[in-house]
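Q: What the sequence shown shows, in my numbering, is residues 535 to 684, in sequence order. Quick reminder that beta carbons are idealized off the backbone N, C-alpha and C, glycines included.
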Amino acid sequence: MTSLKIGDKAPSFNSVDQEGNTVSLEDFKGKKLVLFFYPKASTPGCTVEACNLRDNHERFKSLGYEILGVSADSAKRQANFKTKYELTYPLLADESMDVIKSYDVWGTKKFMGKVYDGIHRTTFVIDEHGIIEDVILKVKTKAHTDQILK
535 MTSLKIGDKA PSFNSVDQEG NTVSLEDFKG KKLVLFFYPK ASTPGCTVEA CNLRDNHERF
595 KSLGYEILGV SADSAKRQAN FKTKYELTYP LLADESMDVI KSYDVWGTKK FMGKVYDGIH
655 RTTFVIDEHG IIEDVILKVK TKAHTDQILK
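(1) So, does the CB of S596 fall closer than 9 Å to a CB anywhere in chain C?
(2) With a cut-off of 8 Å, do at least 3 Cβ pairs link the segment 582-591 to the segment 557-565?
(3) Is it true that the CB of A584 sits closer than 9 Å to the CB of N614?
(4) By the three-class DSSP mapping on this structure, what secondary structure does L559 have?
(5) Return the CA-CA distance between V550 and D632, expressed in angstroms with no decimal places.
(6) Which ranges would you report for the alpha helix (DSSP H) in the segment 576-608 if only whole runs of at least 4 residues count?
(7) Rounded to whole angstroms, what's the CA-CA distance from S537 to K616? Just pull it up for me.
(8) Please state the DSSP three-state secondary structure of V673.
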């Protein structure tokens, strides 16, 4: 689980999105950002979470939030995920895991009796000045918008 907490400066990043465009934290300066990390594109839980955020994207925008998803999937897999589910926000293809590791969301996981390393589903809400204003560790995929905009 991440060591980052509310009040910390969000780690800066440069990565590529599903179309190969470079995206950085600086691109969101002056805006609130929902930065959500998910294990793998097109898997059931990740799809439910991504679609919940998609279905509420206008609500987020009206409150001044941008949304950015991050996983270690390739740009092609992210592009397919975005197209298939008509996601309305960019997805970072963090294959190098630089962003994942800088936000400290990579670690040991347990699922169905197996222990392995992977991405911990975690969301960071970052304010206009690059400061973390919320960290959501126990993401409820079907009600994630409500967790963020509580």
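A: Answer, in terms of the structure:
(1) The structure shown has no chain C; it contains just one protein chain.
(2) Judged by Cβ distances under 8 Å, the segment 582-591 makes no contact with the segment 557-565, as fewer than three pairs qualify.
(3) Indexing the sequence shown from 1 puts residue 614 at position 80. Indexing the sequence shown from 1 puts residue 584 at position 50. No. Outside cutoff.
(4) Position 25 of the sequence shown, counting from 1, holds the residue named residue 559. Of the three classes helix, strand and coil, the one that applies to L559 here is helix, per DSSP.
(5) Start at 1 with the first residue of the sequence shown, and residue 550 comes out as number 16. Start at 1 with the first residue of the sequence shown, and residue 632 comes out as number 98. Taking the straight line joining both Cα atoms gives about 11 Å.
(6) 578-589 and 591-596
(7) In the sequence shown, the residue the question calls residue 537 occupies position 3. In the sequence shown, the residue the question calls residue 616 occupies position 82. So the alpha carbons of these two residues sit roughly 29 Å apart.
(8) For this step, residue 673 is matched to residue 139 along the sequence shown. V673: coil per DSSP, three-state reduction.
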